[in-house]
Each structure stands twice: as C-alpha cells, then as structure tokens.
Amino acid sequence: MVVELAPAGRAPSGSRAALLVVEGLWTWYRRNWRATVVSSVLQPVLYLLAMGLGFGSQVPPSEATGGQPYLVYLAPGLLVAAAVQNAAFESTYPVLSSFKWQKTYWGIIATPIGTGELVSGQLLWIAVRLAVSGAVYLAVAAVFGALTGPGVLLSLLFAVLTGMAFSAPIVAYSASVNDEGDSFSTLFRFVLLPMWLLGGTFFPISQLPAWLRPVAWLTPIWHGTELARGAAFGTWLPLPSLGHVAYLAVLVTTGVLLARWRFRRRLTR
Amino acid sequence: MVAATVRDVTDVCPLVKAAGLVKRFGPVEAVRGIDVEVRRGEAFGFLGPNGAGKSSTMRMIGCVSPRSGGELTVLGMDPDTDGARIRARLGVVPQEDNLDTELTVRQNLQVYGRYFGLSRAHLRAKAAELLEFAQLTDRADDEVDPLSGGMKRRLTIARSLVNDPDLLLLDEPTTGLDPQARHLLWDRLFRLKQSGVTLIITTHYMDEAEQLCDRLVVMNEGRIAAEGSPAELISRYSTREVLELRFPPGEQPPVEPFMDGMAERVEALPDRLLFYTADGEATLAAAHGKGLRPVSTLVRRSTLEDVFLHLTGRSLVE
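Quick mapping for you: the protein sequence lines, in order, are chains A and B. The opening position of the first sequence corresponds to residue 1 in full-length UniProt numbering, with each subsequent residue numbered one higher. The opening position of the second sequence corresponds to residue 1 in full-length UniProt numbering, with each subsequent residue numbered one higher.
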C-alpha cells in the first residue's frame, strides 16, 4: 500500500533530472567562473598568438598547411586541442572532488536523481563548458583574422565531440581514483601533453616518423583536428570524415557506459 | 472524514518494514537478517557501536544501496523498483556533511530543492523558512566553507527538509559536535518530532538515543540484540541503579567475591567495577563493609550504555 500525505518532493523524469544536475553545476560556475577563464580561454588564445602570429610568420604557406597561412592553418587545430585540454581539467579534479572532498555527488544521489542521470548531467555540463570556451576562442581568433569562414562553426561542433571523446572515459577514470589527484598529473604528463604536441595540432602527422603515426591515429585529437580543418577549409572527404566521427562516437559511448558503471559502483554499493 | 481515513491507513501501514534484511559486501556480512518496523510519527533509533551495521541499514532504507537479501519496503514501495519515487519523499542527513562549501548557505538549500523537482518560487519561500528554523538567517548569503561544524550540521538538517519529507533519516547527526552544538541540534530535532515528522536516527551516543527515540533497536555485529523504548530496555536489561567504583590502576579487585547477593550483576571495566542494583547507596554500604576502598564512587541511574554492556558484554564507545 502506498502512503500518500501531501508530499512536496517529486521524482523528475530522466532528461529533466540530468538538466537539474547541469543547473546545480551552473550555480556553482556563476560564482566561481573567474578562476577558469585563464586556462580555458586565455591559454589557447596565447598559443594562437605566439605560434600562429609569431612563429607562423616564419612559415610560408605550403602543401603541409593546405596552402593556408600558418595562423589560419593552426586556428581550427587549436580549437580542438583546447577543447581536449579543457575536457581533461573538467573531467578530473572537479569529479574527484565531488566524490572525495566536497562529496556533493553523495548528496545528489540521496535525492530522486539517479547515478545514470548524474553522469549525464555532469557530462552535459562539460560539453556546455567546452562549447562556450570554444566559441569565445573563435571570437578572439576572428579578430586576429585567423578564421576563413562560417565553416568553423561546424569545427566547433567537432571540437566539442572530440573533447567529449576524451572527457567521458576520463570521468569514468576519475570516478575510480581515490588518491589526492596524483594520478591526474601522470595522465596530463604522459597522455595529454604528447597528444597535444603530436596529434596534428601544430603540424600534419605525416611529418612524424612512420612508427609514431599509428599512435597519433589512436588519439581523439588527430581525428578531431582532421574534421575541424576539413570543415573550416571545406577540404574534407566523406568517407574518412565518417570514419573520424565514428571513432569519436565510439569513444564517447564507451566512456559514458564506463562512467555510469563506475559511478554506480562507487555511489550505490 | 477523508482526513480521518488517511490517518487510519497510515497508522496501520509502517513507513519502513524490513524482514530478514541482509547486506553483504563481498564476503563480509554487514547486516545479518534484521526485522524492523517504523511507524508514522515515531522517532526510531538504531543504537550500536561503529561497524554494527547501522549505516548500511540506513543506506538501504535511503534507497542508495541495494539489499543483498530479505524484504524491505519504504513508504509502502520497494527500493529496488521505486528508488527515485521513495527518495523524492525522504530527507537524508548523512554521517559526513556533503554540502557544497563553495556555494552560499541559501544556494545550498535552493540547488538541493531543485533536485526534487520543486519550483524556484516555492524554494525561495522554503529556503527562508528553513534558514529561520536552522537559525542561519544572518548567514544566508555567506559561503558555507567558513561556517562552524554545528552550523554546517544545522544547514544539512535544513537541507534534508527542503522537500517536506515524510521520513527523515539521520545518520549519527551529532557525532563530532561540541556539547552546546549538540543540545541546539537536539532541540531542533525535537521540534521536528513534535511537528509529526517521522525520524530514524543512528547513534552511538546513549544520551542521544534516550533524548530523541521513542523506540529503538540495539544493533551488534549486524544483528538486532534488543528492541523497545529506552525505558523498557533499561528495565528489562538493567537495574534501577548502578554503583560505580573506581580504583587506582592495577589495584582493581577481581569481580568474583562480590557476585553473591551484593548486586544483581557485577561488570568489570578496565578502570572500574559496575554493580547493578535496585539501591545503589545500600550496595555502597555493603561494599565498604566488605573492605573495598575505591578512589571514587558514583551512584547513578541505569542508562542504555548499561543495556548495551549487558547485551554484548562490552562497552559501546571503545
């Protein structure tokens, strides 16, 4: 028999529950956004100026840059690389903290919100953060004449997809970490940094030694960069592009499933 | 008439009903088949030492930990299938605060209320009411981080009430607080109880259980050792009074010579002897007559601590 005596609380539906998690994270962000601006927007802009305008002035347009000035060649690549870097930050310490230091996830799952909805909300929030940071970066890049046309809007979409292909598995990983975050330094040093330098952001991976190229193929950055440049310059080919999207989609899906499993294991033992 | 009917139904239908409830973590059995019924409007306690299975039981009732065996219904529903609907009507005060310390006091209430599908307008009014209840109105727009432990605890309790829950689960609500903060918190919990909120409390503090609980179970090693009101348990498992004799280290005499007739029961703790008796003063006189020379003596009423000692043969807070 169900006891009904004017309950105030309700169980929101799945998608609404995820949006409520986003709303909670947004409330936090509204108070604390200033600290994130440097890493999420300023850093890629500085890279664009230093590498694109400064170093790029020494690089003549060539076959390797698709005939574009280096600044223009670099802009979509940095868009993707910045999304991946932001994804790495947003998917590590904030997630570990919500389990371990602030413990806010434990508070959330005591409400009608379930672990699956919590994961969806957390990932959706990261996607929103990547999109907004990317958009601000693009606006600055446009001012410096680094953009060629509206195709970069599609590049932005691919940048977010690439970021999420990295974010979802990392969120799952962070849900399994219980140290003081030391394992994240290892991740940044041995996964993020090589990916950022060798994934095709600054130069085509055809310039890498042949034995290193398969490693670049595994990185989401390379697939994302191919898509972002293809969209920005209108140079993409249907079949390889589909392959890139499929690869990234598989990473996102696998990551989401792993994250749901890890969250459930940790929060509802 | 309608209200009367609803009241009748809820009086007979327990808010929580567990039968043979089991929780296993791998090979470890934390809860070993307990039977519990909590009725509307009562304050029900789980008393026991750390590791007795109290928190595991609370997490199962809170629908955040699936049961490993047995039956469990909460608010008439099955946590396995209706977890979200049940949680929508529960308030939970966890053992460790999980407030968002980087938000303000008020934001903590409002953000949390949103998870229950409540409207912003409703929550504005609700937050003001709860801030008043928790005596945090002057700190409403301060960040949580610098608040004292007692204030954070009060905010956690206020937060647990944001959805006007039918059932409030409090897992060691006053552990780690200073005496003044504890008394303030007890006062708030007592008011909730008076207003008809059903409370389930875990604690390892005897005084807390005696102050707050109408009925309680004593848990030990995953099982229920006894059940009843604090007064019933004391009268059933202890005597009216207890005489405590303290001795200097190493000079405590053995128990055996005093077993005959001086008291109903004698317990030896590391630093003192406890004589369970109807008349503490008379037993004290008898002890002096037998040549006992303790450094200090105390005659007091029995507490749940004595019940626990009797049931398990060991002290509750070790």
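C-beta atoms are modelled at their ideal positions from N, C-alpha and C, and glycine is treated no differently. Small disclaimer: the values here were computed from a predicted structure and weren't measured.
Could you check where the alpha helix (DSSP H) with residue i kicks off and where it finishes?
i, result
"A:I221", "P220 to F233"
"B:M262", "Element bounds for B:M262: n/a, residue is neither H nor E."
"residue 291 of chain A", "The shown model of chain A, from 1 to 269, leaves out residue 291 of chain A, and the question about it has no answer."
"B:F133", "R120 to F133"
"A:Q154", "The amino acid occupying residue 154 of chain A in the given sequence is Leu; Gln does not appear at that position. Element bounds for A:L154: G151 to S174."
"residue 320 of chain B", "Residue 320 of chain B falls outside the range modelled here, since chain B spans only 1 to 318, and no answer is possible."
"A:I109", "T104 to I109"
"A:V250", "P238 to L267"
"B:V299", "Taken as a continuous stretch (DSSP letters only), B:V299 belongs to no alpha helix (DSSP H), being part of the beta strand (DSSP E) at S296 to R301."
"B:E143", "Per DSSP, B:E143 belongs to no alpha helix (DSSP H) and is neither H nor E."
"B:D207", "M206 to L212"
"B:D306", "L304 to T312"
"A:D182", "D182 to L187"
For a contact meaning CB atoms closer than 7 Å, what does residue i contact in chain A?
i, result
"B:G62", "A110"
"B:Q95", "Chain A residues near B:Q95: none, gap ~10 Å exceeds 7 Å."
"B:D100", "W28, Q102 and T104"
"residue 321 of chain B", "Residue numbering for chain B in the displayed model covers 1 to 318; residue 321 of chain B lies beyond these limits and cannot be assessed."
What are the boundary residues of the beta strand (DSSP E) that includes residue i?
i, result
"B:V74", "G69 to V74"
"B:D35", "V28 to V38"
"B:G20", "V16 to F25"
"B:R276", "The sequence shown places Tyr at residue 276 of chain B, not Arg. From DSSP, the beta strand (DSSP E) with B:Y276 extends over R272 to T277."
"B:T137", "That residue, B:T137, is in no beta strand (DSSP E); it is neither H nor E in DSSP."
"B:A225", "R223 to G228"
"B:G217", "A small fix is needed here, since residue 217 of chain B is Val in this sequence, not Gly. Residues R215 to N220."
"B:L245", "E241 to R246"
"B:R202", "It should be noted that the sequence gives Thr, not Arg, for residue 202 of chain B. Looking at the DSSP string, the run of the beta strand (DSSP E) that includes B:T202 is T198 to T203."
"B:L168", "L167 to D171"
In chain B, what lies closer than 9 Å to residue i by C-beta?
i, result
"A:E90", "The contacting residues do not exist; A:E90 stays about 16 Å from chain B at best."
"A:G121", "None at all; the shortest Cβ gap to chain B is about 10 Å."
Anything in chain B within Cβ reach of residue i, meaning under 7 Å, just list it in chain order.
i, result
"A:P12", "G117"
"A:I113", "Y115"
"A:L20", "R114 and Y115"
"A:G116", "The premise fails here: A:G116 is roughly 11 Å from chain B at the closest Cβ pair, so nothing lies under 7 Å."
"A:G255", "Here the premise fails: no neighbours, minimum Cβ distance about 24 Å."
What residues of chain B sit near residue i, judged by a beta carbon separation below 8 Å?
i, result
"A:E23", "V111 and R114"
"A:L267", "V64"
"A:G243", "The premise fails here: A:G243 is roughly 40 Å from chain B at the closest Cβ pair, so nothing lies under 8 Å."
Buried or exposed: which applies to residue i, given that a residue is buried once 16 or more other Cβ atoms fall within 10 Å of its Cβ?
i, result
"B:E251", "exposed"
"B:T137", "exposed"
"B:H310", "buried"
"A:W33", "exposed"
"A:W222", "buried"
"A:H244", "buried"
"A:A210", "exposed"
"A:S57", "exposed"
"B:N108", "buried"
"B:R300", "exposed"
"A:W101", "exposed"
"B:L199", "buried"
"A:W236", "buried"
"B:T10", "Note that B:T10 scores a pLDDT of 49, beneath 50, so its modelled location is shaky and nothing firm can be said."
"B:A281", "Sequence inspection shows Glu at residue 281 of chain B; the Ala mentioned does not correspond to that position. It is exposed - the Cβ of B:E281 has fewer than 16 other Cβ atoms within 10 Å."
"A:G121", "buried"
"B:Q180", "exposed"
"B:T81", "exposed"
"A:P12", "buried"
"B:Q194", "exposed"
Check whether the Cβ of residue i sits closer than 7 Å to any heavy atom of the ligand FAD, and report yes or no.
i, result
"A:L258", "With respect to the ligand FAD, the structure shown offers nothing to examine, as it has no ligands at all."
Listing by chain order, which chain A residues have their CB less than 8 Å from the CB of residue i?
i, result
"B:L103", "T27, W28 and R31"
"B:F25", "R269"
Which chain A residues sit within Cβ distance under 9 Å of residue i?
i, result
"B:E194", "According to the sequence as given, residue 194 of chain B is Gln; it is not Glu. Within 9 Å Cβ-Cβ: nothing; B:Q194 doesn't reach chain A, min ~17 Å."
"B:Q107", "T27, W28 and R31"
At a Cβ threshold of 8 Å, is residue i touching chain D?
i, result
"A:G224", "You won't find chain D in this structure, because its protein chains are A and B."
Next item on the list: Could you pull out every unbroken alpha helix (DSSP H) segment of at least 4 residues lying fully inside the segment 23-90 of chain A, listed in chain order?
Entry: 34-37, 43-47 and 70-90
Notebook entry, point to check: When Cβ atoms are compared, which residues of the segment 214-242 of chain B fall closer than 7 Å to chain A?
Noted result: none
Item checked: Contiguous alpha helix (DSSP H) assignments of at least 4 residues, all confined to the segment 48-101 of chain B -> 54-61 and 79-87
Margin query: Taking beta-carbon pairs under 9 Å, can you tell me which members of the segment 154-184 of chain A lie near chain B?
Written below: none
Next item on the list: Name, going along the chain, the residues of the segment 73-91 of chain B whose beta-carbon falls closer than 8 Å to a beta-carbon of chain A.
Entry: L75, G76, M77, G83, A84, R85, R87, A88, R89 and L90
Note to self: Along the segment 158-170 of chain B, where does the CB come closer than 9 Å to a CB of chain A? Name the residues.
What the structure shows: R159, S160, V162, N163, D164, P165, D166 and L169
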